[in-house]
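The working numbering applies: residue 4 is where the sequence shown begins, and numbers increase by one. Backbone N, C-alpha and C fix where the C-beta goes; we use that ideal spot for every residue, glycine too. Right, one structure below, let's go through it.
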Amino acid sequence: MRHLVELGEAPSPAVLDGALSLALATGATVRLVGPLAGADASLVLAAARIGDGDKVDEARAGIARAAPIELAFGHARAGVHTLDLPDDGAVPRALWSFSWPLALLGRPSELRLAGPNHAEGVATFHDLRLAWAPLAARFGLKVSLELLRAGFAAEMGELSASLDPAPALTPLHVVHRGILRQVALVAATAEGRDERERRVGAGAAAPFAGRQSRTLGPHRGRGVRELGRLRLRPRYTEGAAGIARAGVAAGP
Numbered sequence: 004m005r006h007l008v009e010l011g012e013a014p015s016p017a018v019l020d021g022a023l024s025l026a027l028a029t030g031a032t033v034r035l036v037g038p039l040a041g042a043d044a045s046l047v048l049a050a051a052r053i054g055d056g057d058k059v060d061e062a063r064a065g066i067a068r069a070a071p072i073e074l075a076f077g078h079a080r081a082g083v084h085t086l087d088l089p090d091d092g093a094v095p096r097a098l099w100s101f102s103w104p105l106a107l108l109g110r111p112s113e114l115r116l117a118g119p120n121h122a123e124g125v126a127t128f129h130d131l132r133l134a135w136a137p138l139a140a141r142f143g144l145k146v147s148l149e150l151l152r153a154g155f156a157a158e159m160g161e162l163s164a165s166l167d168p169a170p171a172l173t174p175l176h177v178v179h180r181g182i183l184r185q186v187a188l189v190a191a192t193a194e195g196r197d198e199r200e201r202r203v204g205a206g207a208a209a210p211f212a213g214r215q216s217r218t219l220g221p222h223r224g225r226g227v228r229e230l231g232r233l234r235l236r237p238r239y240t241e242g243a244a245g246i247a248r249a250g251v252a253a254g255p
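Rendered as structure tokens:
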């Protein structure tokens, strides 16, 4: 009996990703309506490469037409899969779509995903490593992520996901989290987003204006030989920022 995963026209990314993952895990056929473009098209072609690689050209031609198409990828194949995903958002979608069917094969696999991994509005590498991977581990997925090359916007970065065999998925028990004991924050700033902190630092360095460097001469003392010449330059190394609701002043 043939198993079929049927999608409507223009499925949401989450629905399409789930269908591709289910198809690779079970060998089911996916029925969808073209045309597909961007990250959606990249994900379909990547699924064909992980399953039956001979179906890539058929899939490419099918998703380019404005008509229904059935795609039989077959089961996922264990091993190292290198995928080119140039569209924003395709890298994280490929990771969480293809990790599960590969992990359930009983043999180690690796995904090497080339494409933007720090794009605006989608999960970045750090979101995946610090948030998605720990949550997926609670379902039984054993994955180790490594950033090989950062890629911003349309840049081609690369990340690696090493997958250990996961005999079965485990249920996620959602219970009361208990007492909050610690909070860890990770922040990264770019393209002028740290201007406030730079101004604070510049203000802290203002008293040193006119004294950009100071030279200390040699020093001799008990048990101390000549240290040579030491140059001190005023610098700041840390900044702090505050976040508040609209209309409420933020602290330093």
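#### Entry: Outcome for G54 when other beta-carbon atoms lying within 10 angstroms are tallied against a minimum of 16
Label assigned to G54: buried.
### Query
Relative to the C-alpha of L19, which residue among D87, E158, A93 is closest?
A93
### Task
Please determine, among L175, H176, A153, L148, the residue with the shortest C-alpha to C-alpha distance to A164.
L148
### Task
Give the DSSP bridge partners of G160, in chain order.
G118
### Task
Could you round the C-beta distance between A62 and A79 to whole angstroms and report it? I think they count as a contact, below 8 Å.
The Cβ separation is near 15 Å, so there is no contact.
### Message
Here's the rule I'm using: 16 or more other beta-carbon atoms within 10 Å means buried, otherwise exposed. How should E123 be labelled?
### Response
exposed
### Message
My assumption, with CB atoms under 8 Å, is that A117 sits in contact with M159. Please give the rounded CB distance.
### Response
6 Å
### Query
Of the choices L166, H179, A136, whose alpha-carbon is the least far from that of L108?
L166
### Query
Grouping DSSP H, G and I as helix and E and B as strand, with all else coil, what is E12?
Reduced to three states, the DSSP call for E12 is coil.
### Integer Cβ distance of L183 from G143, believed to fall under 8 Å
The Cβ separation is near 26 Å, so there is no contact.
### Task
Give the range of the beta strand (DSSP E) segment to which P71 is assigned.
Its beta strand (DSSP E) spans residues 71-75.
### Message
Bridge partners for L148 per DSSP, in chain order?
### Response
For L148, which the question treats as bridged, DSSP gives the partners A164.
### Message
Could you tell me the alpha carbon to alpha carbon distance between A17 and Q185, rounded to whole angstroms?
### Response
In this structure, the alpha-carbon of A17 lies about 32 Å from that of Q185.
### Message
If you measure between the beta carbons of S100 and S24, is that distance less than 8 Å?
### Response
yes
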